[in-house]
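Residues -19 to -1, 1 to 279 (mature numbering (1 follows the signal peptide of the UniProt record, and there is no 0)) are what the sequence shown spells out, left to right.
We put the CB at the ideal spot given by N, CA and C, even for glycine.
Being a predicted model, the structure only gives us computed values, none of them experimental.
Here the structure comes first, spelled out in structure tokens, and everything after it is commentary.
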Amino acid sequence: MKKTLAALLLLGMPALALAKVPVVASFSIIADMTREIGGDRVDVVSLVGPDQDAHVFQPSPADIKKVSAAKVLVTNGLGLEGWMTRLDKAANFRGATVVASKGIKTRQAPEEEHADEDHGHDHGDVDPHAWHDPARVQTYIKNISAGLIQADPAGKAEYQRRAADYAARVKAVDDWAKQQFAAVPAAKRKMLTSHDAFGYLGERYQLKVLAIQGVSTESEASAKGVAQLTRQVRKEGVTAIFMENMSDARLLKQLSAEAKVRIGGKLYADALSGPSGPAASYLQLMRYNVDTIMKSFR
């Protein structure tokens, strides 16, 4: 048997033992984390790609086939992927489902944080954007690693090694971000974004985050809500207004003009950038977002 395997490898032919575990991740940020932990043992496909919005995603027949063929399905949870139950059922998925956020302390999203107090959202009172807090991402790493080990016990040592390495790099980014924001007086740590995706970031680093929309991009800001937010921006002296890579910027530009506050750049909220962009991985996303926010505070 050993000779046969050696002969196959010498001829450049794949051996059955080297087959990768087929994994489907719900969106680009979760897919990147899974690739970091899984390494060469996994083949990860992301349903919602870079610069795409997981809130409004509509699965296609091709997506049903991807999920049906997967051994592991990795989701964020917390109501982000409202379409996942229908997709799972349509695909007749028989593999293991990993909810990356399982066990984290969730952040509540009170209505007064939204620009439109009369408009609800799909996530109830729970904010699903927990990946913007690197400390909570440590739980994501543990959950994804455990799910991969369950599906592929032979790779346990490799998954554990890669998870520990990735956890250390995420902690390093967290430590760096804390140092960056600590240099800014707390009274000046105020920002406004397209939708309420950065609450966990604000909680972690003591930033006050205002948003035109609620925690879902499906919510709509009313004219009354934008007017109220404009007054609040002026009153509190907010100097940092940011667009997002997967949101319509028209209302943000309107508010910027009315409040006479410049737009400080684009942040990556619910999706990575493409491979050639500045946020092609989760760690790059964190560094880019923190750098961009810090420039507006200077």
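Would you identify the three-state DSSP class for residue i, choosing helix, strand or coil?
{"i": "glycine 246", "result": "strand"}
{"i": "serine 277", "result": "helix"}
{"i": "aspartate 32", "result": "coil"}
{"i": "serine 237", "result": "helix"}
{"i": "serine 41", "result": "coil"}
{"i": "alanine 77", "result": "strand"}
{"i": "valine 151", "result": "helix"}
{"i": "aspartate 108", "result": "strand"}
{"i": "valine 196", "result": "Residue confidence for valine 196 is low, a pLDDT of 42 falling below 50, so the modelled location carries little weight; the figure read from the coordinates is stated next. Valine 196 falls in the coil class under three-state DSSP."}
{"i": "valine 118", "result": "helix"}
Only counting the same chain, and skipping five residues up and downstream in sequence, which positions put a Cβ closer than 6 Å to that of residue i?
{"i": "valine 219", "result": "Lys171 and Leu173"}
{"i": "glycine 136", "result": "Arg22"}
What are the residues that DSSP puts in a beta bridge with residue i?
{"i": "isoleucine 222", "result": "Leu173 and Ile244"}
{"i": "valine 2", "result": "Val23"}
{"i": "leucine 191", "result": "Leu173"}
{"i": "leucine 54", "result": "Val5 and Thr78"}
{"i": "arginine 88", "result": "Asp108"}
My guess is that residue i and residue j are in contact by the Cβ rule of under 8 Å, so how many angstroms apart are they, rounded?
{"i": "leucine 129", "j": "threonine 87", "result": "Wrong, their Cβ atoms sit about 24 Å apart, outside the cutoff."}
{"i": "aspartate 24", "j": "valine 4", "result": "7 Å"}
{"i": "phenylalanine 74", "j": "serine 49", "result": "7 Å"}
Taking 7 Å as the limit between beta carbons, can you name the residues of its chain near residue i, skipping five residues before and five after?
{"i": "threonine 198", "result": "Residue placement at threonine 198 is poorly supported in this model, since its pLDDT is 47, which falls under 50; the coordinates still yield a value, given next. Closer than 7 Å at Cβ, skipping near neighbours: Asp34, His36, Val37, His176 and Ser228."}
Look at the Cβ atom of residue i, then the Cβ atom of residue j, and state whether they are nearer than 8 Å.
{"i": "isoleucine 18", "j": "serine 126", "result": "yes"}
{"i": "threonine 78", "j": "leucine 54", "result": "yes"}
{"i": "residue 285", "j": "glutamine 235", "result": "The chain is shown from -19 up to 279; residue 285 falls before or after that span and cannot be answered."}
{"i": "threonine 56", "j": "serine 9", "result": "no"}
{"i": "leucine 253", "j": "phenylalanine 223", "result": "no"}
{"i": "residue 281", "j": "isoleucine 122", "result": "Missing from the structure shown is residue 281; the chain here goes from -19 to 279 and no further."}
{"i": "proline 31", "j": "glycine 255", "result": "yes"}
{"i": "glycine 84", "j": "threonine 120", "result": "yes"}
If you drop the 5 nearest sequence neighbours on each side, which residues of the same chain put their C-beta closer than 8 Å to that of residue i?
{"i": "glutamine 187", "result": "Phe162, Ala167 and Arg170"}
{"i": "tyrosine 181", "result": "Arg88, Asp108, His110, Ala111, Trp112, His113, Asp114 and Arg117"}
{"i": "valine 165", "result": "Met275 and Phe278"}
{"i": "isoleucine 193", "result": "Ala96, Leu173, Thr174, Ser175, His176, Ala202, Gly206, Val207, Leu210, Leu232, Leu233 and Leu236"}
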